[in-house]
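Below is one structure, written out as structure tokens; comments come after it.
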Amino acid sequence: LAGWIAALWAQGLEPRQAAMAAVFQHGLQADRWLAKQGRRPLTAGALLQPI
5 LAGWIAALWA QGLEPRQAAM AAVFQHGLQA DRWLAKQGRR PLTAGALLQP
55 I
């Protein structure tokens, strides 16, 4: 999550905006994973695959 925030911040978002966007995307991807994969373990790499 910290890397996601840093990447968005480096692309020009304000720090607060970068944090909010990254947290939102993190949660969204986790929800999508749960709907598709069930309760299988989730890794950071799996969150990035659909993006």
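Per the numbering used here, numbering through the sequence shown is continuous, rising by one, with the last residue being 55.
Each residue gets a CB set at the ideal place from its N, CA and C atoms; glycine is no exception.
- Message: For A34 and G16, I'd like the C-alpha separation in whole angstroms.
- Response: Near 25 Å, if we compare the C-alpha coordinates of G16 and A34.
Drop a sphere of 10 angstroms on the beta-carbon of A26, count the other beta-carbons inside from all chains shown, and report buried for 16 or more, exposed for fewer. buried
Practice prompt. In the DSSP assignment, find the unbroken alpha helix (DSSP H) run with Q53 in it and report its ends.
Written response: In this chain, Q53 is not harboured by any alpha helix (DSSP H), its DSSP state being neither H nor E.
Q.
With a threshold of 6 Å on Cβ separation, who are the neighbours of A48 within its own chain once the five nearest residues in sequence on each side are excluded?
A. none
(request) State the Cα-Cα distance for the pair A11 and W37, rounded to the nearest angstrom. (result) Distance between the alpha carbons of A11 and W37 is about 22 Å.
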